[in-house]
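There are 2 protein chains.
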Amino acid sequence: MTSTGRRGRPGAGRTLSEDEILDATLSLLDEGGVTAASVRGIAGRVGVAPNAVYTYFPDKTAVLSALVERLLGEVDQEALADRSTPWRERVEFVALELRSRLMAHPGAVTLMIGGPMEGPNALGIGERLLELLADAGLDPTAAARASYLLITYVFGSLALEVAELAEPGPPPPEPERVAARLIGYSAVPAEAFPRTAAAADTLARYISTEQYLWGLRRVLDGIDRAAAPVSR
Amino acid sequence: MTSTGRRGRPGAGRTLSEDEILDATLSLLDEGGVTAASVRGIAGRVGVAPNAVYTYFPDKTAVLSALVERLLGEVDQEALADRSTPWRERVEFVALELRSRLMAHPGAVTLMIGGPMEGPNALGIGERLLELLADAGLDPTAAARASYLLITYVFGSLALEVAELAEPGPPPPEPERVAARLIGYSAVPAEAFPRTAAAADTLARYISTEQYLWGLRRVLDGIDRAAAPVSR
DNA sequence: ACCTGAACACCGTTCAAGT
DNA sequence: ACCTGAACACCGTTCAAGT
């Protein structure tokens, strides 16, 4: 086949692309977690010497930041900006979308909270959020604070949810139980921590999508109350 | 001086203690960030061969987990359990305490969210939180969810706050500006993201302790509303 | 311009050997 | 029981050399 074969390199011109490197990085991340996404591993997967990666990216963190930006590009910013639906619904929709897209790549969540998100996609989402909160009646100061609160909640939730799977090899197939295990699902001594044991049981029964939405709605309630301090 | 000198080892018996290893780990974490807290670095600091660490801990993650547990032990659980003060004030007090104690060791925050917190101190704090939420009138299911929400908020906030400093060498001395920088303080193109640029300005002006408390109070408002769905 | 081989300064962990 | 030296299988990154 006349595909872009790695063999028989034509003496000049690039045999790779930034996107191919990001593809390889993401697949390694999914298969083996954060530790598997090494420069040497990436190079090996695309069939190139380790240092060839540095032709495309200045260093490893640049590769990972670019990957984060690409994943954030999948978020539907128009849904966030659509004034025909109530602002709370828009937040809930995008929060759920962000969760499902990112939990498909648990290793990437660790990367997101590990560094600042300052690419155009990250800034775009933040900007839409601020517009939306203005729609909700918040003054600019409250909107700034509320947007930061929402970002904190969403990424904090995902970080805690992912923490349990972060450790060995490929991620286990039951992300729903994570929230429960985080507060000690497996082996909580019920004598010493009776309420914790019962709570772990509760959170194990309710799937974590429900928990995620419940928390988000409490946050939105709090923002709502701040938005209308007089009219009620 | 007849201090516990590392030289002239007495042929038998331990020259170290778990606590000495944790002290060394914490100081390395504070001085050089997460990457500086290596097994070889720890061993070097306590004056021992790298593999001697494995006499005291099974592996590196065990060292880090023990350190996390020790830091959580500094939290005043009695303040959380003290029924003579209103439940919201108790949460705010401990949330502020947790923030000041952990932001003194930014590298440790990364460790906390990186893995499950399941030591006795972590479980103890969770248990006190559940008791407190029962005091607030929440049924066990709502209390389980609210406690998870509060944990998410506190550690999510700290994780985002610390993300900016995580990168090189010793942490910069201005943790107050971090929140602002996180959403692009440094170089937000105001033409493309006008609200973000203005919000960054807002968050830069208000110190992040205020932002932290503002968010916490929105969360508490939301929980409060869930606690009393009928009586108002 | 892009890729390679070789090297540098690191990792965490294991193992056989010494006391 | 505790520590050491040496080794193994890795890292990210740099540099001189080749096309």
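These protein sequence lines map, in sequence, to chains U and E.
Numbered by the numbering used here, the letters in the first sequence go through residues 1 to 232 in order.
Numbered by the numbering used here, the letters in the second sequence go through residues 1 to 232 in order.
Cβ coordinates follow ideal geometry from the N, Cα and C atoms, glycine included.
| Item | Value |
| --- | --- |
| Exposure of E/Glu127, with buried meaning 16 or more beta-carbon neighbours within 10 Å | buried |
| Sequence-distant residues of its chain with Cβ nearer than 7 Å to U/Ala79 (five each side left out) | Arg90, Phe93 and Val94 |
| Within 8 Å of chain E by C-beta, residues of the segment 133 to 156 of chain U in sequence order | Ala134, Pro140, Thr141, Ala143, Ala144, Arg145, Ala146, Ser147, Tyr148, Leu149, Ile151, Thr152, Tyr153, Phe155 and Gly156 |
| Inter-residue Cα distance where the pair is U/Val109 and U/Val162 | 7 Å |
| CB of U/Gly222 within 9 Å of CB of E/Arg217, strictly | yes |
| Closer than 9 Å to chain E by CB, U/Phe57 | no |
| Residue closest to U/Thr61, alpha-carbon to alpha-carbon, out of U/Ala159, U/Asp224 and U/Leu111 | U/Leu111 |
| Residues near E/Gly119 in its chain [Cβ-Cβ closer than 6 Å; skip 5 each side] | Glu69 |
| Below-9 Å beta-carbon distance, U/Thr35 vs any chain E residue | no |
| E/Ala200 in three-state terms, based on DSSP | helix |
| Alpha-carbon to alpha-carbon, U/Ala228 and U/Gly137 | 8 Å |
| Neighbourhood of E/Asp82 by C-beta distance below 8 Å, restricted to the same chain and skipping five residues each side | Arg90 |
| Check whether E/Gly47 and E/Pro106 have beta carbons under 9 Å apart | no |
| Three-state class that DSSP yields for E/Met117 in the structure shown | coil |
| Where E/Pro48 sits in the DSSP three-state scheme | Checking the sequence shown, residue 48 of chain E turns out to be Val, not Pro. Three-state result, E/Val48: coil. |
| Assigned exposure category for U/Ala226 - 16 Cβ within 10 Å defines buried | buried |
| Within chain U, partners of E/Asp76 - CB distance below 9 Å | Ordered by position in chain U, no residue passes the 9 Å Cβ test against E/Asp76, which lies about 18 Å from the chain. |
| Check whether E/Arg99 and E/Leu158 have beta carbons under 9 Å apart | yes |
| Helix, strand or coil at E/Thr15 [DSSP, three-state] | coil |
| Any C-beta of chain E under 9 Å from that of U/Asp221 | yes |
| Test item: CB-CB of E/Leu22 and E/Val63 under 9 Å | yes |
| Any C-beta of chain U under 9 Å from that of E/Pro194 | yes |
| Euclidean distance between Cα positions of U/Ile183 and U/Leu213 | Note that U/Ile183 scores 49 on pLDDT, short of 50, meaning its location in the model is unreliable; the coordinates nonetheless yield the value given after this. Approximately 18 Å, taken between the alpha carbons. |
| Listed by chain order, chain U residues near E/Arg83 by CB distance under 7 Å | Result: empty, since nearest Cβ-Cβ is about 15 Å, beyond 7 Å. |
| U/Thr15 beta carbon near the ligand ZN (any heavy atom closer than 8 Å) | Here there are no bound small molecules, and the ligand ZN is not part of this structure. |
| Option nearest E/Asp224 by Cα separation, candidates E/Ile42, E/Leu133 and E/Val154 | E/Leu133 |
| Proximity test, Cβ basis, 9 Å: U/Ile207 and chain E | Interpretation of U/Ile207 is limited by its pLDDT of 48, a score under 50 that renders its predicted location unreliable; the figure taken from the coordinates is listed afterwards. Not closer than 9 Å to any Cβ of chain E, the Cβ of U/Ile207 fails to qualify, so no. |
| Uninterrupted alpha helix (DSSP H) stretches inside the segment 53 to 118 of chain U (no shorter than 4 residues) | 60 to 72, 77 to 81, 87 to 103 and 106 to 114 |
| Cutoff 9 Å: U/Arg101 Cβ touching any chain E Cβ | no |
| Residue closest to E/Val154, alpha-carbon to alpha-carbon, out of E/Leu96, E/Asp59, E/Ala36 and E/Glu131 | E/Leu96 |
| CA nearest to the CA of E/Arg14, picked from E/Val53, E/Gly41 and E/Ile42 | E/Val53 |
| Boundaries (first-last residue) of the alpha helix (DSSP H) holding E/Leu160 | Pro140 to Ala163 |
| Under 9 Å between C-beta atoms of E/Leu149 and U/Gly215 | yes |
| Neighbouring residues, chain U, relative to E/Trp214 (Cβ below 7 Å) | Arg145 |
| For U/Gly215, three-class secondary structure by DSSP | helix |
| Assigned secondary structure, U/Val188 (DSSP; H/G/I helix, E/B strand, else coil) | coil |
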